[in-house]
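Residue numbers (our numbering): 105 to 378.
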């Protein structure tokens, strides 16, 4: 019996046509979205919405994750006044959200200090998934920050560096939205053990939703495998939590998943979730 010849993959022309169709679909979605997007509601109204929802979702059966329930509510309540925060350690969170809100705005904090693998993951996600990547930029480049504060601020004052390159840019950008969705999970460490599905974010003045709160790291990887979701290659190289390259190291077996973030420093959070 003769051996079968492996089927050839898509040609360059086919890949190009697929990419053009993908980009055209995103552009068409935004043209439609802009005609129906209502004004942003005030903080008092949004706070009341958050408090009612927090109570409702806290009553869910603890044996279930509540992911689809809370995201169906987000889609109905907020529509495209929704932003997803994604560090590009993987694309599971935006993939889950896009099942309810295709082409949802997905915020990527472009700090200027990312691993090359993280930038590559960001680019692959943008070109292949039904998402709208929004690059959230600091007010200064790395070179401008070095000139103002001295070189390698992250090594001398990581809190200030995170504030300038993550916290302030995100707060500024979130002003356009009513809700932001994060990938914070309770299993990531003691500071996140009590993460609720829905809460009011007083600092940023909008609703905050954590639909993967009850997921484990294994749940995340299983979902990515089942749905062929892009995962940053660093995840399989000992980096279960990925931040800026100068402030992230590999995690040893048995260590807390976030032990590689700001290792050796009295710092466990960048300030986005505190």
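Glycine residues also receive a C-beta, built at the ideal position from the N, C-alpha and C atoms.
Keep in mind that this is a model prediction, so the values were computed, not measured.
When the distance is taken between beta carbons, is residue 246 closer than 9 Å to residue 237?
Start at 1 with the first residue of the chain shown, and residue 237 comes out as number 133. Start at 1 with the first residue of the chain shown, and residue 246 comes out as number 142. It is not a contact, given that the beta carbons lie outside the stated cut-off.
If you reduce the DSSP assignment to three classes, tell me which class residue 362 lands in.
As a working note, residue 362 is residue 258 in the chain shown. Three-state DSSP puts residue 362 in coil, outside helix and strand.
Going along the chain, which residues of its own chain have a beta-carbon closer than 8 Å to the beta-carbon of residue 241, five neighbours each way excluded?
For the purposes of this step, residue 241 is taken as the residue at position 137 of the chain shown. Excluding sequence neighbours, residue 241 sits near 214 and 273.
Whose C-beta lies closer than 7 Å to the C-beta of residue 195 among residues of the same chain, with five residues either side of it excluded?
As a position in the chain shown, residue 195 is number 91, starting the count at 1. Excluding positions up to five away in sequence, the list reads 229, 233, 333 and 334.
Helix, strand or coil, according to DSSP, for residue 277 in the structure here?
Here residue 277 refers to the residue found at position 173 when the chain shown is read from its first residue. Note: residue 277 maps to helix in three-state DSSP.
Touch check for the region 337–345 and the region 273–283: three-plus C-beta pairs under 8 Å?
no
The beta strand (DSSP E) spanning residue 210 covers which residue range?
Here the question's residue 210 lines up with position 106 in the chain shown. It spans 208–213 - the beta strand (DSSP E) in which residue 210 sits, taken as one unbroken run.
Between the alpha carbons of residue 285 and residue 208, how many angstroms are there, rounded?
On the chain shown, residue 285 is found 181 positions in, with the first residue counted as 1. On the chain shown, residue 208 is found 104 positions in, with the first residue counted as 1. Between residue 285 and residue 208, the C-alpha separation is close to 11 Å.
What does the alpha-carbon distance come out to for the pair residue 312 and residue 132?
Working through the chain shown from its first residue, we reach residue 312 at position 208. Working through the chain shown from its first residue, we reach residue 132 at position 28. Approximately 28 Å, taken between the alpha carbons.
Hey, residue 174 and residue 210: beta-carbon distance below 9 Å or not?
In the chain shown, residue 174 corresponds to position 70, counting from 1. In the chain shown, residue 210 corresponds to position 106, counting from 1. In this structure, residue 174 keeps its C-beta atom at 9 Å or more from the C-beta atom of residue 210.
Can you look up residue 302 in the DSSP assignment and give me helix, strand or coil?
Residue mapping note: residue 302 aligns to position 198 of the chain shown, counting from 1. Residue 302: strand per DSSP, three-state reduction.
Classify residue 317 as buried or exposed, calling it buried when 16 or more other Cβ atoms lie within 10 Å of its own Cβ.
Position 213 of the chain shown, counted from the start, is the residue given in the question as residue 317. By the neighbour-count rule (16 or more Cβ atoms within 10 Å), residue 317 is buried.
Which residue's Cα is closest to the Cα of residue 292: 323, 224 and 141?
Here residue 292 refers to the residue found at position 188 when the chain shown is read from its first residue. Of 323, 224 and 141, the residue nearest in Cα terms is 323.
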